[in-house]
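S.K.: Take a look at the following structure, please.
Numbering (full-length UniProt numbering), first residue to last: 1 to 270.
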């Protein structure tokens, strides 16, 4: 089996980025980044970090710097929470502090994200003192309708909407109501630039998954061959949820013992 090249994080021009190791000599590692730039970096310096797992999206050192910028102690966060944050998962952080002679509480949702203009950053959404109202429900220059608001707050649904920048750039986002912050929370929508097991989604697939539909899709594997799966998208966790088609069909075919013999004799087209 061909050995895969080691992936690392390096800090260049105050930004952490991924790179691939191409060699190592005299305590220096030769790498090439995603922009095709080749350079050497001292292996034990603070701006170099090996990637620990395939799910890791952000450097631990980057996370520590970002947390420090928001007055959150990296050392006081549990190791499993740190790992989740480097994988791009969100975390609800609660803390207390003393102000004007009183103990006060601070609560916020934090998540490492990538901004194409700023690079990596820590997204912070503070908990509202009171539950968001329809008049206050807006995001990315989009004001949510009464129907969209009801779907998010009362029906616990995800809403696909069109946002825009002040410069007129238009894009799609997914929104939902998050009780922990008592506010509307948004996440990136799937697009034709989204990969599913090495293959880009079609526009039809991306739209259907964004709208909460479950699709039958084929996952290609050199070991197990091509197998169909039922696929859905979790906007909150930013992950695909897959189920084996055969198992799901078997569940639907389950009947009570009194009907089992009769059902087997029919034969069913699958």
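Backbone N, C-alpha and C define an ideal beta-carbon position, used for all residues, glycine too.
These numbers were taken from a predicted model, which means no experiment stands behind them.
(1) Can you tell me whether residue 31 is buried or exposed, with buried defined as 16 or more other CB within 10 angstroms of its CB?
(2) Return the Cβ separation of residue 182 and residue 127 in integer angstroms, given the expectation that the two are a contact with Cβ distance under 8 Å.
(3) Can you give me the Cβ contacts of residue 81 inside the same chain, cut-off strictly under 7 Å, excluding the 5 residues immediately before and after it?
(4) So what does DSSP say about residue 228, is it helix, strand or coil?
(5) According to DSSP, is residue 62 part of a helix, a strand, or is it coil?
(6) Is the distance from the Cβ of residue 122 to the Cβ of residue 67 below 8 Å?
(7) Buried or exposed for residue 9, please, with buried defined as at least 16 other CB atoms from any protein chain shown within 10 angstroms of its CB.
(8) Work out the CA separation of residue 62 and residue 206 for me, nearest whole Å.
(9) Have a look at residue 259 and residue 230 and give me their C-alpha separation to the nearest angstrom.
(10) Need the endpoints of the beta strand (DSSP E) that residue 161 sits in, please.
(11) For residue 271, which of 180, 34, 6 has the nearest alpha-carbon?
(12) Give a yes or no on contact between the stretch 164-174 and the stretch 189-204, applying the rule of three or more CB pairs nearer than 8 Å.
(13) If you drop the 5 nearest sequence neighbours on each side, which residues of the same chain put their C-beta closer than 8 Å to that of residue 22?
(14) Let me know if residue 202 comes out buried or exposed under the rule of 16 or more other beta-carbons within 10 Å of its beta-carbon.
(15) Residue 200 and residue 238 - do their beta-carbons sit closer together than 8 Å?
(16) Who are the near neighbours of residue 267 in its chain, counting only those whose CB is closer than 7 Å to its CB and skipping five residues on each side?
(17) Based on Cα-Cα distance, which residue from 11, 14, 43, 34 lies nearest to residue 24?
(18) Return the CA-CA distance between residue 218 and residue 212, expressed in angstroms with no decimal places.
(19) With the cut-off set at 8 Å, would you say residue 108 and residue 89 are in Cβ contact?
(20) Can you say whether residue 98 is buried or exposed, counting buried as having 16 or more other CB atoms within 10 angstroms of its CB?
M.R.: Taking the geometry as given:
(1) As a working note, residue 31 is residue 31 in the chain shown. Classification for residue 31: buried.
(2) Translated into positions along the chain shown, residue 182 becomes position 182. Translated into positions along the chain shown, residue 127 becomes position 127. Sure, about 6 Å apart at Cβ, within 8 Å.
(3) For the purposes of this step, residue 81 is identified with residue 81 of the chain shown, where counting begins at 1. Cβ neighbours of residue 81 beyond the five flanking positions: 91.
(4) To locate residue 228, count along the chain shown from 1; it is residue 228. Three-state DSSP puts residue 228 in a strand.
(5) If you number the chain shown from 1, residue 62 lands on position 62. In this structure, residue 62 counts as helix in the three-state DSSP scheme.
(6) Position 122 of the chain shown, counted from the start, is the residue given in the question as residue 122. Position 67 of the chain shown, counted from the start, is the residue given in the question as residue 67. In contact: residue 122 and residue 67 (Cβ atoms closer than 8 Å).
(7) Position 9 of the chain shown, counted from the start, is the residue given in the question as residue 9. Burial call: buried.
(8) Locating residue 206 in the chain shown gives position 206, counting from the first residue. Locating residue 62 in the chain shown gives position 62, counting from the first residue. Rounded to whole angstroms, residue 206 to residue 62 spans 31 Å at the Cα level.
(9) What you label residue 259 is simply residue 259 of the chain shown in a count that begins at 1. What you label residue 230 is simply residue 230 of the chain shown in a count that begins at 1. Residue placement at residue 259 is flagged as unreliable, the pLDDT there being 49, under the threshold of 50; the coordinate-derived value follows with that caveat. Cα to Cα, the separation comes out at about 27 Å.
(10) The sequence position of residue 161 within the chain shown is 161, counting from 1. Unbroken beta strand (DSSP E) run through residue 161: 159-164.
(11) There is no way to answer for residue 271, as the model of the chain reaches only from 1 to 270.
(12) yes
(13) Taking the chain shown and counting its residues from 1, one reaches residue 22 at position 22. The answer, listed in chain order, is 5, 30, 31, 32, 38.
(14) Taking the first residue of the chain shown as position 1, residue 202 is located at position 202. Exposed.
(15) The residue given as residue 238 occupies position 238 in the chain shown. The residue given as residue 200 occupies position 200 in the chain shown. Against a cut-off of 8 Å, the Cβ pair of residue 200 and residue 238 comes out as no contact.
(16) Position 267 of the chain shown, counted from the start, is the residue given in the question as residue 267. With a pLDDT of 33 at residue 267, under the threshold of 50, the modelled position of this residue cannot be trusted, and the question is left open.
(17) Stepping through the chain shown from its first residue, residue 24 is reached at position 24. When each option's Cα is compared against that of residue 24, the closest is 43.
(18) Within the chain shown, residue 218 is the residue found at index 218, counting from 1. Within the chain shown, residue 212 is the residue found at index 212, counting from 1. Computed Cα separation, rounded: 18 Å.
(19) Here residue 108 refers to the residue found at position 108 when the chain shown is read from its first residue. Here residue 89 refers to the residue found at position 89 when the chain shown is read from its first residue. Against a cut-off of 8 Å, the Cβ pair of residue 89 and residue 108 comes out as no contact.
(20) For the purposes of this step, residue 98 is taken as residue 98 along the chain shown, with counting starting at 1. Exposed: under 16 other Cβ atoms inside 10 Å.
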